[in-house]
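**Student:**
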Amino acid sequence: MADAEDVAQDVWLRAAGADLRDIGDLGAWLVTVAARRSYDILKSARLRRESYVGPWLPEPLLTSTGRVAAGTRRESVTSAMLLIMEELSPPERVAFVLHDVLGLGFGKIAEVLDVSVPGARQLASRARRRVVKAKQSTPQASNAERERVLTVFRAAYEAGDLAGLVRPLHPEAVYVTDGDGQVSAARKLIHGGESVAEVMVRVRRQRQPDRIDLVEIGGELALVFHREGRVFSVDTVQITDGLITAYRRVMNPGKLARV
889 MADAEDVAQD
899 VWLRAAGADL
909 RDIGDLGAWL
919 VTVAARRSYD
929 ILKSARLRRE
939 SYVGPWLPEP
949 LLTSTGRVAA
959 GTRRESVTSA
969 MLLIMEELSP
979 PERVAFVLHD
989 VLGLGFGKIA
999 EVLDVSVPGA
1009 RQLASRARRR
1019 VVKAKQSTPQ
1029 ASNAERERVL
1039 TVFRAAYEAG
1049 DLAGLVRPLH
1059 PEAVYVTDGD
1069 GQVSAARKLI
1079 HGGESVAEVM
1089 VRVRRQRQPD
1099 RIDLVEIGGE
1109 LALVFHREGR
1119 VFSVDTVQIT
1129 DGLITAYRRV
1139 MNPGKLARV
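Per our numbering, residue 889 is the first one in the sequence shown, and the count goes up by one each step.
#1: Quickly, what does DSSP pair H1058 with across the bridge? List them, please.
#2: Using 8 Å as the threshold, is the stretch 1088 to 1096 in touch with the stretch 1006 to 1025, meaning 3 or more CB pairs across them?
#3: Looking at C-beta atoms only, is the number of pairs between the stretch 918 to 927 and the stretch 1104 to 1124 that lie closer than 8 Å three or more?
#4: Using three-state DSSP, classify A1134 as helix, strand or coil.
#5: Can you tell which of Q1028, A983, V1000 has its C-alpha closest to the C-alpha of Q1010?
#6: Would you mind reading off the limits of the beta strand (DSSP E) that contains T1128?
#7: Less than 8 Å between the C-beta atoms of L1050 and A1015, yes or no?
#8: For L1011, write down the residues that DSSP places opposite it in a beta bridge.
#9: Which residues bound the beta strand (DSSP E) around A1110?
#10: Skipping 5 residues on each side, what residues in its chain have a beta carbon closer than 8 Å to that of E1060?
#11: According to the neighbour-count rule (16 or more other Cβ atoms, all chains shown, within 10 Å of its Cβ), is V1062 buried or exposed?
#12: Cutting at 8 Å between CB atoms, please list the residues of its own chain near R1092, excluding the five before and the five after it.
#13: Where L1131 and V1037 are concerned, what is the direct C-alpha to C-alpha distance, given to the nearest angstrom?
This is how it looks when you write it as structure tokens:
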């Protein structure tokens, strides 16, 4: 969100300093300016990621309050989709978002990326293939199923019930925590349903939450943990055949300020 705010501010400053009467298609001009700035940020973010402490997860986007921009498909901001997007190179990601999500023509995309039109088309096509392949390998549960599984998991967590936590977890579930060294969080992935449940029980003993809410994050239901008057973590899950196969916990305070 901080990067998005930087882009918005930069676009506003560019627009304020430009003679808009000379711009034929203001909407396309604004999108182009925003896309170029976003491209620069994506390239620098890749470098920053190299010094990130522990696993990196996308910043939670609260969508239950209508924060998703008009024209943006909710599926494009799910935690699973954002993780898929992270696997794309910056040029692929920009080309894919501008064309497949925002509907921008390849001529404008080529200008943003400083490539030929066929090059822009190829970048979007390559990104699309990778996205489709990744989505096919990670089928998404409905929100009804997500609510059922998370309700069971939350009840077991609140009770400190180890066996109850194991039941909704896949035997090969993986637990990922994002703390960037700012809070106490696992810096390596934890594998196995029983191991994940044991960690969750231990964390609960050390930092018992005041409450756990079911909230829509990135268009999907997630668990938001509150402790001592603030958000302690935002937890999203990947569910396959009714079981949690991936449990992702964002604890980095810098990513929780807007939840």
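Just so it is clear, CB atoms sit at the ideal spot from N, CA and C, and this is done for glycine as well.
**Tutor:** By the coordinates alone:
#1: Note: H1058 sits in no beta bridge, so no partner.
#2: no
#3: no
#4: Here A1134 sits in strand by DSSP.
#5: A983
#6: 1118 to 1128
#7: no
#8: Note: L1011 sits in no beta bridge, so no partner.
#9: The continuous beta strand (DSSP E) containing A1110 extends over residues 1108 to 1115.
#10: Cβ-Cβ distances below 8 Å link E1060 to H1079, G1080, G1081, T1133 in the same chain, with the five nearest sequence neighbours on each side left out; the list follows chain order.
#11: buried
#12: Y1045, G1048
#13: 7 Å
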